[in-house]
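Trainee: Chains as they are written, first to last, in this note's numbering: chain E, 79 to 352; chain X, 50 to 376; chain R, 777 to 1036.
The C-beta atom is built at its ideal place from N, Cα and C for all residues, glycine as well.
Predicted model only: the values in this text are computed from it and were never measured.
Here it is: the structure, laid out below.
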Amino acid sequence: MRNPTLISIPLIPALLVAGLCQAAPQRVVSINLCSDQLLLLLGDPARIASVSHLARDPNASWVAEQARHFPVNRASLEEIIGLKPDLILTGAYTNALLRRALKALGYRVESIPLAKRIADIRRNIRRVAALLDRKARGEQLITHLDERLAQLREHRFARHPRALFYQPNGYTAGRDTLQDEALKLAGWENLPATLGIQGYAPIDMESLLLAKPEQFFTSPYAPGTQSLAQRRLRHPALRAATGGKPMRVMPYRYWLCGGPMIVEAIEQLQRAHP
Amino acid sequence: MSRPARLLALLLGVLFVLSLFVGSNPIPVFQALLDRLRDAPSAIGIVLAEVRLPRTLIAIVAGAALGVCGAALQGFLHNPLASPGLIGTSSGAAFGAVVALYFGFAGGYGIPLAGMLGALLATLLVYLIAGRDTGMLTLILAGVAINALLTALISLLLSLAPSPYAVQEIVVWMLRSISNHGFDDFWLMLPGALLGGLLLFRCRRALDALTLGEDTATTLGIDLRRTRALLFAGVALAMGSVVSITGAIGFVGLITPHLLRPLAAHRPGRLLALSALGGAGLLLAADIGVRLLQRFGGVEIKVGIVTALLGAPFFLWLILHHRRSPA
Amino acid sequence: MRDFRADRLDVVIDNRHILKAIDLRVRAGEMHGLIAPTGAGKSTLLRALAGVRPAAGHIRFDGVELSTLSPLERARRIAWLAQSGPVHWPLSIAQIVALSRQPWHEAEALTREKTTRLLDACGLGDLAERRYDTLSGGEKARVLLARALAGEPELLLADEPTAALDLSHQLEVMALLRAHCRRGNAVIVVLHDLRLAGHYCDRLQFLKGGSTLVSGTPPQVITAHWLETAYDIRLREGRDALEAFSLNWRLRERNYPANR
């Protein structure tokens, strides 16, 4: 390991091949739930080599059914090399060491940034579509998404009740999150955003209660499991704050990752509107 | 009630009121109280009655239980270093609660019950390994061994637990905070803590008599087996309930009896009540400190860190003190 | 009480026969001395009589089997003074002495009153509020004796109460025990000092190897023969030794210093 160039030498042909084939990758591997879903939505099934095991989890993945047709990986270096990919899709928060190692080995690694608003979803779709050489399919998805959004925007709301996305350990979605935009589009006021919370961050219980929330939404990440963090969602004060109204459950697959399924989330949020 | 007890009770009362005034936001406490009494639903009323009040009461009950258990164990083992944290009781309780909570064996009162069972087994194990009336060293070594084992097992279980949040909570079980507990948790904790405390108070006379050693205590009419059973059951009930809700809060059970022993004229029996009051005050004060730090410093730390920061230097002092005067 | 007796007591510890068929009897008002070389089982016998160590055989208090008495009843009637008993926490002298009043379940004021009176009688009145760990060895021994007496036991079992004391305090302790007997109680005391034993005890019992060697009044027991047998020694001037004891015996008859 003293001289890294020694290791790189046999990879030079691979780099060249990768460079030549940049237009249409033949073996695409995704190792992150969010890039998995874009790949499954946009990619040519014949060219999808593997997606992460999370893609098959029906709770977290919108395309869990499709994911069953492809081999899954657990994002380990050896496993990825064994898949002989010519394009690796990762998320912005995928293990940085792993990404660096893959790049050092000469693989083409593309990180798909986190979608913080619906505009980011369009951008990510276009980006992945371009990488996969499936631009037409990407535009088709975006058109469909925009049509549904336009329909949803037609609703007019007399009132904007205070709501929030509330998760175990007191985490919530403030400004610059998909949840923020989804709540607003569905006629709610996103309470953490008005308190100045930015991104996905914990909210202090007292501040939350004093802001008088009217509706909680939560997305169980692992339904049926137990932990202190999850117990915290059952704090009696939270129920008291909404006058005994229970939290509404939003399936995580609709808004954990940015994708066209955000319209499903917005639709459900609208239906919950009083 | 003796004079020191009255003073401690007064101090606790002051801390109780103070505690209702301290939170992450300033609220008009009297208005909140009025809202609550008039049954008018208001946000400040909820903050007072559903957040600050249970948090305060949990600190009081947990602190009192830690204090009284520490005092009882020190008295019974004639060992000033005995405490629920050191002799494995707390980690046993945490272990039991972790098994019950994360693996879905039990909910509701099942969690404190599992905590009690874990506390009892761990304490008995340390007691059997160390043997009774042995020196401090044997007891501490046995405690260290069992604590290390249980801590590793807790971490292992939390790594294997199905909940995705479990792994992050390894730290939480070692240095627990008492924030974000509601009355539901308080009611889960209270019966075991009360019953355990009651059993320990029934050992009062026995603990005094044990000052003269087990044999002499026997000739003073003390039934040793009954005392031992009461004591272990009491400690297990109290610690099992408290730790399964708040996690292992270190050092309160160790420091409190020490600070208050002179006020009890060194009588282990009289020390129980004082330690309950003192432990409650100490933990509540530490939690108020945590909340002030959160409000003015903007950082949220766990109360277990505060008690450990206070307790560890004290523990060191204690060891050095004992090294100088081995009597 | 009228009398206290043990019949054919046996104690076996780890396959070792510590006590073999010991008989013992004391009556109200009597002081019974146990004399033996170290390791003969005196302390074990006292523990067995106190109920601290289980033993085979019979122990009867006024004809009632000891094991049928409740722990509380037993605690009120029999006190045991351990040889250098531990005191684990630095309590005050008054508190230590008051521990023996526990079985009586009496008002705290009464306990305080009795404790004060007893401490004065034992010459410890000035020490009442002192912490135990600040006392000298001799003071500690007297405090522990006072503790044992505080329960007003009908039978006091005292294990070497005079060890670690200087001569004047030895005499003082023996006088306290004597006074306790005069109030109609009995005392069984382990002693090493034959002169004190001969002087203060009504009856003496020599133990050897876990068995009774001989039992009787001091003049019957303190003879050259029994001393030589008990301690495996040869008295070079047996007559002189005996003379020393009979001198003490005469002192005893003049009741000195029991009247002090």
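#1: From A297 of chain X to R253 of chain E, what does the alpha carbon distance come to, in whole angstroms?
#2: For the ligand ADP, is there any heavy atom lying closer than 7 angstroms to the beta carbon of G992 of chain R?
#3: Give the residues of chain X in contact with E284 of chain E, contact being defined as C-beta atoms less than 9 angstroms apart.
#4: Against chain R, does A314 of chain X count as a neighbour if the rule is that its beta carbon must be under 8 angstroms from one of theirs?
#5: Count the CB pairs spanning the region 144-156 of chain X and the region 200-218 of chain X that are closer than 8 angstroms, and state whether there are at least three.
#6: Excluding sequence positions up to five away, which residues of its chain have a Cβ less than 6 angstroms from the Cβ of I219 of chain X?
#7: For the pair the region 148-165 of chain E and the region 189-200 of chain E, tell me if three or more CB-CB distances fall below 8 angstroms.
#8: Could you compute how far the alpha carbon of A318 of chain E sits from the alpha carbon of L365 of chain X?
#9: Give the interface partners of D233 of chain X over in chain E, defined as CB-CB distance under 8 angstroms, in chain order.
#10: Determine the direct distance from the alpha carbon of L209 of chain E to that of C99 of chain E, and round the result to whole angstroms.
#11: Decide if H222 of chain E is buried, meaning its Cβ has at least 16 other Cβ atoms within 10 Å, or exposed.
#12: Just to check my reading of the structure: T250 of chain E and I275 of chain E have Cβ atoms closer than 8 angstroms, yes? What is that Cβ distance to the nearest angstrom?
#13: Just list the residues that DSSP pairs K984 of chain R with in beta bridges.
#14: At a Cβ threshold of 8 angstroms, is F65 of chain X touching chain E?
#15: Please list the partners that T276 of chain X has in chain R, where partner means a Cβ-to-Cβ separation under 9 angstroms.
#16: Does DSSP classify N1031 of chain R as helix, strand or coil?
#17: Once DSSP output is grouped into helix, strand and coil, what is the label at I298 of chain X?
#18: Please confirm whether P161 of chain X has its beta-carbon closer than 8 angstroms to some beta-carbon of chain E.
#19: On a Cα-Cα basis, can you pick out the residue from X:L173, X:G347, X:L102 and X:P103 that is closest to P133 of chain X?
#20: Scan the region 916-936 of chain R for residues whose Cβ lies nearer than 7 angstroms to a Cβ of chain X and list them as they occur along the chain.
#21: Taking DSSP as the reference, what is the three-state secondary structure of I340 of chain E?
#22: Should L261 of chain X be flagged as near chain R, meaning a C-beta pair shorter than 8 angstroms?
#23: For Q245 of chain E, does the count of other Cβ atoms within 10 angstroms reach 16, so buried, or fall short, so exposed?
#24: Taking the continuous beta strand (DSSP E) assigned at R803 of chain R, which residues delimit it?
#25: Of the residues that make up the region 873-884 of chain R, which ones have a beta carbon closer than 8 angstroms to any beta carbon in chain X?
#26: DSSP has F294 of chain E in a bridge; who is on the other side?
#27: Give the DSSP-derived three-state secondary structure of C99 of chain E in the structure shown.
#28: For V187 of chain E, does the count of other Cβ atoms within 10 angstroms reach 16, so buried, or fall short, so exposed?
#29: Just to confirm my understanding: we take A313 of chain X, look at its own chain, exclude 5 residues before and 5 after, and list those with CB closer than 6 angstroms. What are they?
#30: Is there a C-beta anywhere in chain X that falls below 8 angstroms from the one on H864 of chain R?
#31: Given K818 of chain R, which residues of its chain have a CB within under 7 angstroms of its CB, disregarding the five upstream and five downstream residues?
#32: Using a Cβ cut-off of 7 angstroms, pull out every chain X residue sitting near L287 of chain E, in sequence order please.
#33: Below 9 angstroms on C-beta distance, what does L150 of chain X contact in chain E?
#34: DSSP puts W140 of chain E in a beta bridge; with which residues?
#35: Would you say P211 of chain X lies against chain E (beta-carbon separation less than 8 angstroms)?
#36: P1042 of chain R by DSSP, collapsed to three states: which one?
Mentor: Once the coordinates are examined:
#1: Locating residue 297 of chain X in the second sequence gives position 248, where the first residue counts as 1. Locating residue 253 of chain E in the first sequence gives position 175, where the first residue counts as 1. In a straight line, the C-alpha of A297 of chain X is about 36 angstroms away from that of R253 of chain E.
#2: The ligand ADP is not part of this structure, which contains no ligands at all.
#3: On the first sequence, position 206 is the one that residue 284 of chain E refers to. Within chain X, the residues near E284 of chain E are G72, S73, N74, I76, V96, V100 and R101.
#4: Within the second sequence, numbered from 1, the residue matching residue 314 of chain X stands at position 265. By this cut-off, A314 of chain X is an interface position.
#5: yes
#6: The residue labelled residue 219 of chain X in the question sits at position 170 within the second sequence. For I219 of chain X, where only same-chain residues beyond five positions count, the Cβ hits under 6 angstroms are S204 and L207.
#7: no
#8: Here residue 318 of chain E corresponds to residue number 240 of the first sequence, with the count starting at 1. Here residue 365 of chain X corresponds to residue number 316 of the second sequence, with the count starting at 1. One Cα belongs to A318 of chain E, the other to L365 of chain X, and the distance between them is close to 46 angstroms.
#9: Position 184 of the second sequence, counting from 1, holds the residue named residue 233 of chain X. Result: R312, H313 and P314.
#10: As a working note, residue 99 of chain E is residue 21 in the first sequence. As a working note, residue 209 of chain E is residue 131 in the first sequence. The pLDDT assigned to C99 of chain E is 48, lower than 50, so where the model puts this residue is not dependable, and the model offers no usable value.
#11: On the first sequence, residue 222 of chain E is found 144 positions in, with the first residue counted as 1. Flag for H222 of chain E reads exposed.
#12: Working through the first sequence from its first residue, we reach residue 250 of chain E at position 172. Working through the first sequence from its first residue, we reach residue 275 of chain E at position 197. With 8 angstroms as the limit, T250 of chain E and I275 of chain E qualify as a contact, their Cβ atoms being about 7 angstroms apart.
#13: Against the third sequence, residue 984 of chain R aligns to sequence position 208. Paired residues: R:S987.
#14: Taking the second sequence and counting its residues from 1, the one referred to as residue 65 of chain X is at position 16. No, F65 of chain X lies away from the interface with chain E (no Cβ there is under 8 angstroms from its Cβ).
#15: To locate residue 276 of chain X, count along the second sequence from 1; it is residue 227. Correct list: empty, because the minimum Cβ distance to chain R is about 11 angstroms.
#16: Your numbering for residue 1031 of chain R matches position 255 in the third sequence. Per-residue confidence for N1031 of chain R stands at a pLDDT of 46, beneath the threshold of 50, marking its modelled position as unreliable; no derived number is given.
#17: As a position in the second sequence, residue 298 of chain X is number 249, starting the count at 1. The answer is coil: DSSP assigns I298 of chain X none of H, G, I, E or B.
#18: Here residue 161 of chain X refers to the residue found at position 112 of the second sequence. Not flagged as an interface residue toward chain E: P161 of chain X, since no C-beta distance is shorter than 8 angstroms.
#19: Here residue 133 of chain X corresponds to residue number 84 of the second sequence, with the count starting at 1. Between P133 of chain X and the set X:L173, X:G347, X:L102 and X:P103, the nearest pair of CA atoms involves X:L173.
#20: none
#21: By 1-based counting over the first sequence, the position of residue 340 of chain E is 262. Reduced to three states, the DSSP call for I340 of chain E is helix.
#22: Locating residue 261 of chain X in the second sequence gives position 212, where the first residue counts as 1. Closer than 8 angstroms: yes.
#23: Here residue 245 of chain E refers to the residue found at position 167 when the first sequence is read from its first residue. Under this definition Q245 of chain E is a buried residue.
#24: For the purposes of this step, residue 803 of chain R is taken as the residue at position 27 of the third sequence. Its beta strand (DSSP E) spans residues R792 to R803.
#25: L875, S876, Q878 and P879
#26: The count along the first sequence starts at 1 and reaches residue 294 of chain E at position 216. The partner list for F294 of chain E (beta bridge, DSSP) reads E:L242.
#27: Sequence index remark: in the first sequence, residue 99 of chain E carries index 21 (1-based). Low local confidence applies: a pLDDT of 48 at C99 of chain E is under 50, so the model's placement there is unreliable, and no value is given.
#28: As a position in the first sequence, residue 187 of chain E is number 109, starting the count at 1. So V187 of chain E ends up on the buried side.
#29: The residue you call residue 313 of chain X lines up with position 264 of the second sequence. Correct list, in chain order: R319, L320 and L323.
#30: Residue mapping note: residue 864 of chain R aligns to position 88 of the third sequence, counting from 1. With 8 angstroms as the cut-off, H864 of chain R counts as an interface residue toward chain X.
#31: In the third sequence, residue 818 of chain R corresponds to position 42, counting from 1. Excluding positions up to five away in sequence, the list reads L810, A812, V966 and L983.
#32: Numbered from its first residue, the first sequence carries residue 287 of chain E at position 209. Those within 7 angstroms of L287 of chain E in chain X are A92, I95, V96 and V100.
#33: Start at 1 with the first residue of the second sequence, and residue 150 of chain X comes out as number 101. Under a criterion of Cβ atoms nearer than 9 angstroms, the residues of chain E adjacent to L150 of chain X are, in order, Q304, S305, L306 and R309.
#34: As a working note, residue 140 of chain E is residue 62 in the first sequence. Answer is none; W140 of chain E lacks a bridge partner.
#35: Residue mapping note: residue 211 of chain X aligns to position 162 of the second sequence, counting from 1. It does: the Cβ of P211 of chain X has a partner Cβ on chain E nearer than 8 angstroms.
#36: Any answer about residue 1042 of chain R is impossible in this case: the structure gives chain R only from 777 up to 1036.
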